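Structure first, then comments.
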Amino acid sequence: MSLLGDFRRVVELVKTQGWRYPVGIASLGVVNISDVLAPVFMALAVELTQAEFTGDPVNTPTPLALLGITPDTFTIITAVAVFLVLQVLANIARYPMLMQVAVPSHEITQLIRRRIANHLLAQSQSWYDKSRSGDIMSIATSDVQAVRMMLGPGVLIAADTLLLVSLVLLMLSILSWELTLITLIPVPFILLITNKLSHLEFDRFKDVQEDLADMTERARESYAGIRIIQGYAREVYDRRRFAGFSERHFGKNLRLARVRSFFEPTLDLMLGVSTALVVIFGGIGVAKGTMTLGTFVAFLFLIRYLSGPMIGLGWSVSLFQRGRASMHRIDELCETELEITNAPNAKTAAGPGGLKVQNLTFRYTADRVLEDGTVQKAPKHPVLRDISFEIPAGKTLGVFGPVGSGKSSLACVLTRLYDPPAGTVFLDGEDIRELTLESLREMVVLAPQETFLFSSTVARNIVMTRDDLIERPDQGQEEVVRVARLAHLHDEVEHFEDGYQTMLGERGVNLSGGQRQRLAIARAITADPKVLILDDCLSAVDTKTESAILQNLRTVLDGRTGLVISHRVRAVQDADEIIVIEDGQITQRGTHDELLAQNGYYARIAAEQSQAKGEAA
Ligand SMILES: Nc1ncnc2c1ncn2[C@@H]1O[C@H](COP(=O)(O)OP(=O)(O)OP(=O)(O)O)[C@@H](O)[C@H]1O
Ligand SMILES: [Mg+2]
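Residue numbering for the sequence shown follows the UniProt record's numbering, beginning at 1 and increasing consecutively.
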């Protein structure tokens, strides 16, 4: 995006805050005016003192004299009084100046954060597959912060610079326009340098931010994989690896800092050149009598006022360029297309929950970034091929098959975590792509193979899908206990120190694999869906618990459509129909007895599993 375009964006953002920025900048004006008037009074004092000594009348072009005011004692006293009032005003004005810019800049950042959050919530699984959380984190924190610095201090410093420079130039030209022109000689150089350095700042800051994202990701990765790192005694390697990244980041920051450290002294040097020119030419003027001493003194004072704006110019350019670079990164994130959205005129799912899959072929299109940061290429071949089945409302289908055969992929496609091709998956006769995502996901709920625990209590982790229960904890508690019993989790939770109020997640206790799975089942049951998909939810529980849960699941699935995915024959044997998926294709289908009678994968595994059970007994 162009510089001008970005500038317009900033103005638009500022406009969302109504009158606050203008009020802030007007207060800044009051501060500046009173600052700039001070040397003029100083000039007046010099003139008066000089007149007192030499007896000459005051007839030099001081600003007051130009306004037709003769500086007798009375006007001087009045002027001093006005000056004092201005000083007081200026100091009062500093408060609104800061508040009317700083507060709205925080508010705009909040809007930006919300925009990012909304976008992230709507993004599809396949987008998350290919994204790195480090990138997202650093955009949501560090880049948002850079935009805030642009909209707060950046705007303030820029306005200050502009106002002060214009006021000083106005004053200077009132005092002597000839000398003012001489003062301006270095300006073209200043513009040239500013232009060059500000581009460098933009590029290098973007580079630093990208690198920061990378480093955040590496740090997250090491943290996520710390057990593996320590388990294999890879700390030294990891430390060295991280030191490498850190050094690279340091280098990039140094490159950025160099721009700034070059910027300010250069601008200050230009100002020095101006001052020298004024001393030379002004001095000659005073000597020749074409300029009064008072004007000369005022001139020098006013020029020194420009040193603040010179630093300010460097600063605001830097803040603006950084903010722009970050704004681009935020836009890039928020403008990535949402891959799975509601179709125009999408319908609300409301039927009894009959599911039909017809010639479904599905492939992953995006490479996947795994937990440990490695990238898994998307499989070349479809992971599901020509799958067809039907589950009438209220019936249960078992899905059975070896590791990696595509069972979980099927589960994801049924809830549109990944979109199936049009015309392949139907819920009560409607293509699920034509249903609203909200109603589809309310009706079809997936208890995933690997669940996620939020940093909250056990109870809240279970009822998270139900706003009504979260708002009414008393009713919620009853429901929590009921579903936890069904999922065979209740007894264990009772033994936790804080029972259902035990904290889970990052800051709390960690559940065992089997406990997590049962919590996932409890969570799914709480959602009370018409279609319940259980993806291998019992793989980590012992056989005794498994039978107990399977017994309970019969009650839960009563009146619901069920899809039970498992490696274990026991989990699927009671289903109305079972399909066997091998390498993405259905190779067998039928009831448990029918499948046992066929000489295939199902019968073979059933034999193995019953033998294993016999040995265990
Ligand atoms: N998001 C993804 N992106 C790319 N490939 C994927 C993705 N998810 C799964 N795969 C690949 O698709 C294939 C099928 O995986 P899937 O998880 O569906 O198998 P599964 O039958 O559920 O296996 P398991 O019994 O181990 O749970 C595998 O080769 C897997 O690597
Ligand atoms: Mg799976």
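Every residue gets a Cβ at the ideal spot worked out from N, C-alpha and C, and that includes glycine.
Owing to the predicted nature of the structure, the values given are computational and were not obtained by experimental measurement.
Inter-residue Cα distance where the pair is residue i and residue j
i	j	result
threonine 60	valine 168	Low per-residue confidence applies at threonine 60: pLDDT is 49, beneath 50, and the placement is therefore not dependable, though the value from the model is reported in the following sentence. So the alpha carbons of these two residues sit roughly 19 Å apart.
glycine 152	serine 27	15 Å
threonine 161	threonine 16	23 Å
threonine 587	glutamine 598	11 Å
aspartate 576	histidine 495	37 Å
leucine 397	leucine 557	11 Å
residue 628	glutamine 609	No statement about residue 628 is possible, as the shown extent of the chain runs from 1 to 617 and does not include it.
glycine 18	alanine 146	22 Å
valine 40	phenylalanine 299	9 Å
alanine 393	isoleucine 525	17 Å
methionine 149	tryptophan 315	11 Å
valine 155	valine 144	16 Å
leucine 37	phenylalanine 262	32 Å
alanine 117	glutamine 551	41 Å
threonine 183	threonine 275	7 Å
asparagine 510	methionine 443	30 Å
alanine 459	histidine 381	42 Å
alanine 140	serine 173	48 Å
aspartate 367	glycine 590	35 Å
serine 388	aspartate 211	47 Å
leucine 277	serine 246	47 Å
lysine 347	alanine 422	15 Å
threonine 374	lysine 544	38 Å
leucine 3	aspartate 428	53 Å
glutamate 450	glutamine 515	12 Å
leucine 164	phenylalanine 83	18 Å
Residues near residue i in its chain [Cβ-Cβ closer than 6 Å; skip 5 each side]
i	result
glutamine 321	Ser198, Glu201, Phe202
valine 14	Tyr21
glycine 134	Ala213, Thr216, Glu217, Arg220
alanine 487	Arg518, Ile521, Ala522
alanine 548	His488
residue 637	Nothing can be reported for residue 637, as the shown portion of the chain is limited to 1 through 617.
serine 138	Leu212, Ala213, Thr216
tyrosine 232	none
Where the alpha helix (DSSP H) containing residue i begins and where it ends
i	result
glutamate 546	543 to 557
phenylalanine 403	According to the sequence displayed, residue 403 carries valine and not phenylalanine. Careful: valine 403 lies outside any alpha helix (DSSP H) and carries neither H nor E.
glutamate 12	3 to 15
arginine 568	Element bounds for arginine 568: n/a, residue is neither H nor E.
residue 619	The first residue shown for the chain is 1 and the last is 617, placing residue 619 beyond what the model contains.
For residue i, the residue or residues it bridges with in DSSP
i	result
leucine 446	Ile533
lysine 356	Glu390, Phe426
leucine 191	Partner(s): none; leucine 191 has no beta bridge.
threonine 561	Val531
lysine 347	Leu435
glutamine 376	Arg368
threonine 396	Gly562
phenylalanine 362	Leu384
Cutoff 7 Å; reference residue i; Cβ partners in own chain excluding five residues on either side
i	result
cysteine 537	Ala447, Gln517, Ala520, Ile521
arginine 356	The residue asked about is misnamed: residue 356 is lysine in this sequence, not arginine. Closer than 7 Å at the Cβ level, and outside the excluded window around lysine 356, lie Glu390, Phe426.
threonine 194	Leu313, Val317
arginine 324	Asp6, Phe202
valine 259	Leu197, Leu200, Glu201, Arg204
serine 409	Phe362, Val383, Leu384
7 Å Cβ cutoff, residue i in contact with chain B
i	result
serine 126	Reference to chain B is not applicable here, since this structure consists of a single protein chain.
Residue i: first and last residue of the uninterrupted beta strand (DSSP E) it sits in
i	result
isoleucine 586	585 to 590
valine 580	577 to 582
Own chain, CB closer than 8 Å to residue i, minus 5 neighbours either side, in chain order
i	result
glycine 559	Gly394
aspartate 419	Ser124, Glu339, Ile340, Val413, Arg433
arginine 554	Asp574
phenylalanine 242	Arg218, Ala219, Ser222
Uninterrupted alpha helix (DSSP H) stretches inside the region 451 to 531 (no shorter than 4 residues): 458 to 463, 467 to 471, 473 to 486, 490 to 495, 513 to 526
Continuous beta strand (DSSP E) assignments of at least 3 residues falling wholly in the region 126 to 198: none
Ranges of the alpha helix (DSSP H) found wholly within the region 289 to 319, counting only runs of at least 4: 293 to 304
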